[in-house]
Amino acid sequence: MTNAKIPLAEALARTQWAAVLTPAQMERVQLDASERIVKAGAHVCTRGDPPDYWLGVIDGLLKMSSVSHDGKAITFTGMLTGGWFGEGSILKNEMRRYDVVALRDTRVAFIPKQTFQWLLHSSFGFNHFLLNQLNARLGVFVSLVEYDRMLDADARVARCVAALFDPQLHPQGEPRLTISQEELGYLCSTSRQRTNQALRVLENAGLIKADYGEITILDLEQLRNF
DNA sequence: TCATTAAATTGTT
DNA sequence: AACAATTTAATGA
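According to the numbering used here, the first sequence is numbered sequentially starting from 1.
Structural data, given as C-alpha cells:
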C-alpha cells in the first residue's frame with residue numbers, strides 16, 4: 001500500500017473537506033486528530049458506543065454491519081480509503097447503531113466530537129461538505145433498498161460495487177479495489193460463488209475488470225444503473 | 001535470480 | 001460445502 005507511509009497530517013490535508021477550511025481551522029484539526037491501526041477482524045466501533053469521534057479511513061477497508069437478534073450478521077456497506085463516517089450519530093447525539101469492523105488491517109483517523117461540532121458551528125464550507133455527504137449516502141441506501149427488492153444477484157453486486165466507488169463518499173480512491181471475491185461477498189450479501197459469477201457477468205459486459213484479488217471499475221455510471 | 005513450497009484466491013461442481 | 005486449479009508470497013540455495 002502506497003498510502004501506508006503518508007503521515008496523518010498529510011492524509012488529513014488531502015481530504016475533500018480540508019480544502020474548505022481556513023488555515024486556523026485546519027490547524028486545530030491537525031492538533032486534535034489521532035490515528036489508530038485496526039487489525040483485520042477487529043472493531044473500530046460497536047453498536048451502543050457513545051459517538052465520541054468522527055472517523056476517516058486513511059488506508060484500508062471497513063464494513064458497516066449489524067447483528068440481528070438471532071445472531072445473523074447483516075452488512076450494510078463498506079468504507080474504503082478516503083471515506084469519512086460516523087457524523088450521523090454525533091449530529092443526533094445518540095449511540096452508534098452499527099458495528100464497524102476492519103476487513104483487513106486499516107489505518108483509521110479519529111477526530112474528536114468536540115472538534116467536529118466546532119467545525120460544524122464555525123465553517124459554512126464544512127456544512128456544505130456534510131450536506132453533500134449525507135445526500136450521497138442517502139442515494140446509496142435508496143439504491144440498497146431497491147436492489148434488495150429485486151432478486152437479481154448480478155445487479156446487487158453491481159450496485160454494491162458502484163456504492164463503494166461513489167466519488168462523493170470516496171473522492172481520492174483509485175478506480176481499483178484490492179479485495180477478494182469472498183470479502184466482496186460479505187459486503188454485497190451474496191455467497192462467494194454467486195459473487196464470482198456476477199463479477200464475470202459484469203466483466204463480460206465491460207463494466208469492470210476482475211483480476212486476482214482485485215477489481216477495476218471501467219464504467220461506474222453503467223454499474224449504477226445495471 | 002531461480003526453484004520449491006505454502007498460503008490465498010478463484011473456478012467448478 | 002467440497003474440491004481442483006491458479007496466483008501470489010515466502011523461503012532458501
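Glycine included, every Cβ here is placed at the ideal spot set by N, Cα and C.
- One alpha carbon belongs to residue 48, the other to residue 39, and they sit about 21 Å apart.
- In the same chain as residue 143, and ignoring 5 residues on each side of it, the C-beta atoms closer than 6 Å to its own belong to 159, in chain order.
- Here the C-alpha atom of residue 174 lies approximately 22 Å from the C-alpha atom of residue 155.
- By the 16-neighbour rule on beta-carbons within 10 angstroms, residue 15 is buried.
- Of the residues 204, 163 and 198, the one whose Cα lies closest to the Cα of residue 136 is 163.
- Comparing C-alpha distances from residue 218 to each of 61, 181 and 176 shows the shortest one belongs to 176.
- Counting only residues of its own chain and dropping the five nearest sequence neighbours on each side, residue 198 has a CB closer than 6 Å to the CB of 153, 154 and 157.
- The C-beta distance from residue 139 to residue 104 rounds to 27 Å, too long to meet the 8 Å contact threshold.
- Counting along the chain, the unbroken beta strand (DSSP E) around residue 35 starts and ends at 34-38.
- When beta bridges are read from the DSSP output, residue 152 appears opposite no residue.
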